[in-house]
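Worksheet for the structure shown next.
There are 2 protein chains.
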Amino acid sequence: MRKMSDGVEAALHCVLVLASLPTGKVLAGKALSELHGLSESYLLKHLRALVAADVLVAVPGPKGGFRLSRPPQAISLLQVVDAIDGPEPFFACREIRRRGPGKSKDPCVYATDCFIKSRMLKAEQAWRDSLAAQNVADLVEDGRTLIDDHNKAAVASYVENARR
Amino acid sequence: MRKMSDGVEAALHCVLVLASLPTGKVLAGKALSELHGLSESYLLKHLRALVAADVLVAVPGPKGGFRLSRPPQAISLLQVVDAIDGPEPFFACREIRRRGPGKSKDPCVYATDCFIKSRMLKAEQAWRDSLAAQNVADLVEDGRTLIDDHNKAAVASYVENARR
Numbered sequence: 001m002r003k004m005s006d007g008v009e010a011a012l013h014c015v016l017v018l019a020s021l022p023t024g025k026v027l028a029g030k031a032l033s034e035l036h037g038l039s040e041s042y043l044l045k046h047l048r049a050l051v052a053a054d055v056l057v058a059v060p061g062p063k064g065g066f067r068l069s070r071p072p073q074a075i076s077l078l079q080v081v082d083a084i085d086g087p088e089p090f091f092a093c094r095e096i097r098r099r100g101p102g103k104s105k106d107p108c109v110y111a112t113d114c115f116i117k118s119r120m121l122k123a124e125q126a127w128r129d130s131l132a133a134q135n136v137a138d139l140v141e142d143g144r145t146l147i148d149d150h151n152k153a154a155v156a157s158y159v160e161n162a163r164r
Numbered sequence: 165m166r167k168m169s170d171g172v173e174a175a176l177h178c179v180l181v182l183a184s185l186p187t188g189k190v191l192a193g194k195a196l197s198e199l200h201g202l203s204e205s206y207l208l209k210h211l212r213a214l215v216a217a218d219v220l221v222a223v224p225g226p227k228g229g230f231r232l233s234r235p236p237q238a239i240s241l242l243q244v245v246d247a248i249d250g251p252e253p254f255f256a257c258r259e260i261r262r263r264g265p266g267k268s269k270d271p272c273v274y275a276t277d278c279f280i281k282s283r284m285l286k287a288e289q290a291w292r293d294s295l296a297a298q299n300v301a302d303l304v305e306d307g308r309t310l311i312d313d314h315n316k317a318a319v320a321s322y323v324e325n326a327r328r
């Protein structure tokens with residue numbers, strides 16, 4: 001059964017919280033992990049992947065932490081997903097076309113993708129296009145209208161105390 | 165990293181071959197496995213899943229085998245994919261929203277999906293829509309124009325000898 005890394009959910013929650021920080025402020029990995037009820041070591045692995053993909057900036061030092069690398073509307077959900085899960089297709093092609101009695105000895109026959117793979121990748125592109133058309137500012141707007149007041153106040157208070 | 169079952173590729177190759185059979189004819193699992201250079205036990209698992217999903221019909225007996233359950237244009241790529249991999253989303257949601265200091269004691273707050281999950285599922289729906297809009301007749305047409313003559317003749321000859 002197909003599954004994405006569960007780090008994708010954690011990463012999306014983190015970028016959403018980081019989008020609420022005033023300019024110049026950061027949150028430490030420890031604060032982000034407490035806020036989401038996740039282990040710090042688990043979350044740091046994914047935060048580092050987001051830094052490597054230029055979605056986050058890591059500010060070093062005792063007052064350091066993480067912030068978004070650019071405005072929320074300039075970070076697509078696809079960039080977050082690819083940072084965690086890689087850009088590889090999820091369709092698994094083992095080149096079955098090159099097996100059995102139908103296989104060709106002419107390597108040029110296989111210079112382009114199998115048409116089955118092409119059709120599967122076409123569908124994946126529709127998924128990627130949808131993720132690319134949604135960004136972190138959309139999550140912020142969702143949160144503004146859909147998070148209940150208790151949760152909103154509790155998170156805002158935690159972030160205000162923990163930010164650096 | 166996300167991955168689909170490699171059975172999806174095998175299943176798509178099998179439905180493509182079965183689409184070439186004259187009405188009333190079947191191919192045995194052994195023939196389908198030889199034709200694709202795959203082990204029979206491996207392939208039978210996926211062929212049975214296609215039967216369970218009503219994509220294929222299994223004809224029992226010594227002259228038995230598999231055929232499509234309906235015309236190629238009435239079998240979408242999504243039906244084949246879901247038969248092998250299940251209809252579950254590949255976004256892994258562990259309800260992170262219910263953890264940490266922001267969590268609510270009111271269960272009604274969680275009656276609807278987290279908006280992060282909703283946006284991820286929206287993208288998956290685009291993928292599903294693309295697969296639903298493509299069908300086995302499209303693969304047949306691809307094959308007609310894209311498979312080289314040597315391969316086409318070798319497969320046709322194999323199928324003509326092996327069909328029942």
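Heads up: the protein sequence lines correspond to chains A and B, in order.
Heads up, the first sequence is in our numbering, so the first residue is 1 and it goes up one at a time.
Heads up, the second sequence is in our numbering, so the first residue is 165 and it goes up one at a time.
Backbone N, C-alpha and C define an ideal beta-carbon position, used for all residues, glycine too.
Counting only Cβ-Cβ distances below 8 Å, I96/A has contacts in chain B at E173, A174, H177, H200, G201 and L202, in chain order. Annotated as distal: V219/B and A192/B, with beta-carbon spacing of 8 Å or more.
Taking CB atoms only, R119/A has a neighbour in chain B less than 8 Å away. In the assembly as shown, N135/A is a buried residue. Its beta-carbon has 16 or more other beta-carbons within 10 Å. K227/B sits in coil when the DSSP states are folded into three classes, being neither helix nor strand.
For L211/B, the closest C-alpha among the options C272/B, G229/B, A287/B and T309/B is that of G229/B. Cβ neighbours of V172/B within its own chain (closer than 8 Å, five residues either side excluded): V244, V245, I248 and D249.
For V304/B, the CB contacts under 8 Å within the same chain, skipping 5 residues up- and downstream, are L180, A183, S184 and P236 in chain order.
Between Y274/B and L199/B, the gap from beta carbon to beta carbon reaches 8 Å or more. Residue range F279 to A296 is occupied by the alpha helix (DSSP H) that includes M284/B.
Just so you know, the alpha carbons of R327/B and A92/A end up roughly 29 Å apart. Cβ neighbours of S69/A within its own chain (closer than 7 Å, five residues either side excluded): D54, V55, L56 and V57. Collapsing the DSSP output to three states places S76/A in a strand. From the beta-carbon of E324/B, no residue of chain A is found nearer than 7 Å; the closest lies around 12 Å away. Around the beta-carbon of A175/B, 16 or more other beta-carbon atoms lie within 10 Å, marking it buried. At a cut-off of 8 Å between C-beta atoms, V55/A does not count as an interface residue with respect to chain B.
With fewer than 16 other CB atoms across the displayed protein chains lying within 10 angstroms of its CB, A238/B is exposed.
Restricting attention to R67/A, R144/A, K3/A and G24/A, the CA atom closest to the CA of L32/A is found in R67/A. The beta-carbon separation of A296/B and L242/B, rounded to 4 Å, stays under the 8 Å limit for a contact. A distance of 8 Å or more separates the beta carbons of A52/A and W291/B. In this structure N315/B is in contact with S104/A, their Cβ atoms being roughly 5 Å apart against a cut-off of 8 Å. Around the beta carbon of S118/A, a 10 Å sphere encloses fewer than 16 other beta carbons of the protein chains shown; the residue is thus reported as exposed. With distances taken between CA atoms, G102/A lies nearest to A317/B out of M168/B, A317/B and S240/B. D270/B has its alpha-carbon roughly 21 Å from the corresponding atom of L38/A.
In this structure, the straight-line span from the alpha carbon of D129/A to that of M120/A is close to 14 Å. K167/B is positioned such that its CB atom lies no closer than 8 Å to that of F115/A. Proximity of I280/B to chain A, defined by a Cβ-Cβ separation below 8 Å, is satisfied.
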